[in-house]
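**Student:**
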Amino acid sequence: MRITIFGSGYVGLVTGACLADVGHDVVCADVDEQKVARLQAGDVPIFEPGLENLVRQNQKAGRLTFTTDIAEAVSFGILQFIAVGTPSDEDGSADLRHVLEVAKSIGRHMTEYRIIVDKSTVPVGTASKVGRAVAAELDERGVALEFDVCSNPEFLKEGAAIEDFSRGSRIVVGTDSERVKFAMRECYGPYNRQQEKLMFMSVRSAELTKYAANAMLATKISFINEIANLAERLGADVEEVRRGIGSDPRIGYHFIYPGCGYGGSCFPKDVKALAHTAKQAGYPAEMIHAVERINARQKSKLFEKLCLAFDGKLAGKTIALWGLSFKPDTDDMREAPSRELMEALWQAGARVQAYDPEASDECRRLYGNRDDLMLAERREEVLEGAHALVVCTEWKAFRTIDFERLRDTLLAPVLIDGRNLYQPDTVKAAGLGYYAIGRGDSIQPVLA
Ligand code: UDX
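The sequence shown begins at 1227 in our numbering and counts up by one.
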């Protein structure tokens, strides 16, 4: 099948490479000439395990090409995926500028029937807007051509995107057209062999499904963080509570880990956009607002704990930080809790020494060279001369620490664990002040 994908960002690239890998002929189009030139040379500009290999293999096999020629891209595929970015507008709504720009280009260049597939995360009602944008261009050209618009949201996790694309739990398609259903069956056939994963539904339901999925997951996290905050005040250990509730299969063990707040490109943006959609619809979506508020509060917890540990005297202190990305296995720092912490520490006059297995370059790009930030290549380096260590991201390599050595290296024996990675008894036995999330400890100020 011939497939065109607009947008060679995260979602577009993964979709293009995975569809080419099962034998489709895929053209990825992007307006960014530099990006396309890099991709043509087999250089993938984002960090995603397995993606570069997949891109290169399929380029070599001639099934995956990159172009800036929009007319050529429109004439190539019967399926025209829109996978461009939908950043947040100032009011929290999703900015559809790029999506509608692509829709217009399709209307401007198409010469025969096309199926336009909304892959980008877009608010309910976008497919109709896309349809109107295409129709307006066709009108302008004075041509009458048939086309369909369907919604096919993605459910990819950064760091596991290829796995999620190939072995995800469902493929949601919003359409009422039999022709679209037939084409989408052919497109996803190779990924739909073991069990029926295709779910056809109305366009609006598909659009809302994506937001509902992310809002539900964000709610689970904010819920357990709320319980964690309560556990701290009540002298309970949220990790025990988490296991206690997770054992009920109706609740489950997955995706209910307390921490220093969710980040990334999806949850914060999509929860905000859903709140905005609700407002527009005149519905006071109280739970969605609460999820956002709890997360905002949670992201400031690590700084608050440091303030308590150092009795508010953070000026002149050096804080070591492990983990900059919003989660492990990515270099993405969008909305990462580490950023909130670093910015608060700088504001308070403290220095930061940070280590991350992948995100140092991204951190440098975001904050540039500054005297109060040192980025190191090895995790031990950032401990030298530091008063305390804060763990922001649960990279696998952080799971084991020589706590005695840590105590001897730090200027004050304080370990703040934003991801509940360690056993409190073991850390405390080594003579470190250990403060995690929701584990019932009152923080003892240290002199340093
Ligand atoms: C998410 C969704 O999982 C995915 O389906 C959607 O398509 C895009 O958004 P992603 O943002 O890549 O994917 O990361 P995810 O692994 O879901 O983690 C999101 C955030 O939640 C991270 O900051 C993570 O640290 C946090 N989290 C996750 C928790 O705090 N506790 C958990 O139990 C799980």
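Ideal placement from N, C-alpha and C gives every residue a C-beta, glycine not left out.
Which of helix, strand or coil does DSSP assign to residue 1260?
**Tutor:** In the structure shown, residue 1260 sits in a helix (DSSP, three-state: H, G or I).
**Student:** Less than 8 Å between the C-beta atoms of residue 1203 and residue 1333, yes or no?
**Tutor:** The structure shown does not extend to residue 1203, since the chain spans only 1227 to 1674, so no value can be given for it.
**Student:** Could you spell out the range, first to last residue, of the alpha helix (DSSP H) harbouring residue 1238?
**Tutor:** Run containing residue 1238: 1236–1247, per the alpha helix (DSSP H) assignment.
**Student:** Which runs of the alpha helix (DSSP H) at least 4 residues long sit entirely within the stretch 1586–1674? Give them in chain order.
**Tutor:** Taking only runs of at least 4 residues, the alpha helix (DSSP H) segments lying wholly in the stretch 1586–1674 are 1586–1593, 1629–1635, 1650–1655.
**Student:** Could you have a look at residue 1552 and say whether DSSP puts it in helix, strand or coil?
**Tutor:** It is coil, neither helix nor strand.
**Student:** Does the Cβ-Cβ distance between residue 1647 and residue 1658 come in under 8 Å?
**Tutor:** No.
**Student:** Beta-carbon within less than 8 Å of residue 1451's beta-carbon, same chain only, minus the 5 sequence neighbours each way: which residues are those?
**Tutor:** 1484, 1485, 1487, 1520, 1521, 1524, 1663, 1664, listed in sequence order.
**Student:** How long is the line joining the alpha carbons of residue 1233 and residue 1545, rounded to whole angstroms?
**Tutor:** Near 40 Å, if we compare the C-alpha coordinates of residue 1545 and residue 1233.
**Student:** Quick one: grab the DSSP three-state call for residue 1347.
**Tutor:** Reduced to three states, the DSSP call for residue 1347 is coil.
**Student:** Distance check for residue 1653 and residue 1628, CA to CA, integer angstroms please.
**Tutor:** Taking the straight line joining both Cα atoms gives about 9 Å.
**Student:** Here's the rule: buried if 16 or more other CB atoms are within 10 angstroms of the residue's CB, otherwise exposed. What is residue 1456?
**Tutor:** The residue is exposed, with fewer than 16 neighbouring Cβ atoms inside 10 Å.
**Student:** Output the residue ranges of the alpha helix (DSSP H) runs that lie fully inside the stretch 1339–1386 and measure 4 residues or longer, sorted by chain position.
**Tutor:** Here the runs fully enclosed are 1352–1367.
**Student:** Output the distance between the C-alpha atoms of residue 1291 and residue 1311, rounded to the nearest integer angstrom.
**Tutor:** Straight-line Cα distance between these residues: approximately 20 Å.
**Student:** Excluding the 5 residues preceding and the 5 following residue 1595 in the sequence, name in chain order all residues of the same chain whose CB lies nearer than 7 Å to its CB.
**Tutor:** No residues qualify anywhere along the chain.
**Student:** If you drop the 5 nearest sequence neighbours on each side, which residues of the same chain put their C-beta closer than 8 Å to that of residue 1671?
**Tutor:** These residues qualify, in order along the chain: 1534, 1535, 1536, 1537.
**Student:** Which residue wins for smallest C-alpha separation from residue 1319, given the options 1429, 1360, 1458, 1437?
**Tutor:** Residue 1437 is the option with its Cα nearest to residue 1319.
**Student:** Could you give the DSSP three-state label for residue 1254: helix, strand or coil?
**Tutor:** DSSP places residue 1254 in strand when its eight states are reduced to three.
**Student:** Could you tell me whether the stretch 1504–1512 touches the stretch 1570–1584, where touching means 3 or more Cβ pairs closer than 8 Å?
**Tutor:** The stretch 1504–1512 vs the stretch 1570–1584: no contact.
**Student:** Residue 1471 to residue 1460, Cα distance in whole Å?
**Tutor:** Between residue 1471 and residue 1460, the C-alpha separation is close to 17 Å.
**Student:** What is the residue span of the beta strand (DSSP E) that residue 1230 lies within?
**Tutor:** Looking at the DSSP string, the run of the beta strand (DSSP E) that includes residue 1230 is 1228–1232.
**Student:** Could you check whether the stretch 1278–1287 touches the stretch 1314–1328, counting it as contact only if at least three pairs of C-beta atoms, one from each stretch, sit closer than 8 Å?
**Tutor:** No, they do not touch.
**Student:** Out of 1357, 1366, 1395, 1362, state which residue places its alpha-carbon closest to the alpha-carbon of residue 1377.
**Tutor:** Residue 1357 is the option with its Cα nearest to residue 1377.
**Student:** Excluding the 5 residues flanking residue 1504 on each side, which residues of the same chain have their C-beta closer than 7 Å to its C-beta?
**Tutor:** Cβ within range, chain order: 1511, 1514.
**Student:** DSSP beta-bridge partners for residue 1581?
**Tutor:** The partner list for residue 1581 (beta bridge, DSSP) reads 1548.
**Student:** Can you tell me whether residue 1281 is helix, strand or coil according to DSSP?
**Tutor:** It is helical.
**Student:** Alpha helix (DSSP H) containing residue 1424: first to last residue?
**Tutor:** No alpha helix (DSSP H) contains residue 1424, which is instead part of the beta strand (DSSP E) from 1424–1427.
**Student:** Cβ of residue 1567 within 8 Å of Cβ of residue 1388?
**Tutor:** No, Cβ-Cβ distance for residue 1567 and residue 1388 is not below 8 Å.
**Student:** Using CA atoms only, rank isn't needed, just tell me which of 1618, 1571, 1447 is closest to residue 1550.
**Tutor:** Taking only the C-alpha atoms, the option nearest residue 1550 is 1618.
**Student:** Tell me whether residue 1460 sits in a helix, a strand or coil according to DSSP, three-state version.
**Tutor:** Residue 1460 falls in the helix class under three-state DSSP.
**Student:** Name the DSSP bridge partner or partners of residue 1675?
**Tutor:** It is not possible to answer for residue 1675, since the shown part of the chain is limited to 1227 through 1674.
**Student:** Could you tell me the distance, in whole angstroms, from the CA atom of residue 1418 to the CA atom of residue 1250?
**Tutor:** Rounded to the nearest angstrom, the two C-alpha atoms are 15 Å apart.
**Student:** Just to confirm, are residue 1253 and residue 1303 a CB contact at a threshold of 8 Å?
**Tutor:** Yes.
**Student:** How many Å lie between residue 1385 and residue 1557 at the Cα?
**Tutor:** Each residue's Cα considered, the two are about 9 Å apart.
**Student:** Per DSSP, what are the beta-bridge partners of residue 1184 in this structure?
**Tutor:** Residue 1184 cannot be examined here, being either before or after the span of the chain that is shown, 1227 to 1674.
**Student:** Could you give the residue range of the beta strand (DSSP E) that holds residue 1676?
**Tutor:** Residue numbering for the chain in the displayed model covers 1227 to 1674; residue 1676 lies beyond these limits and cannot be assessed.
**Student:** Give me the residue from 1299, 1338, 1244 with the minimum Cα distance to residue 1328.
**Tutor:** Minimum Cα distance to residue 1328 is reached at 1299.
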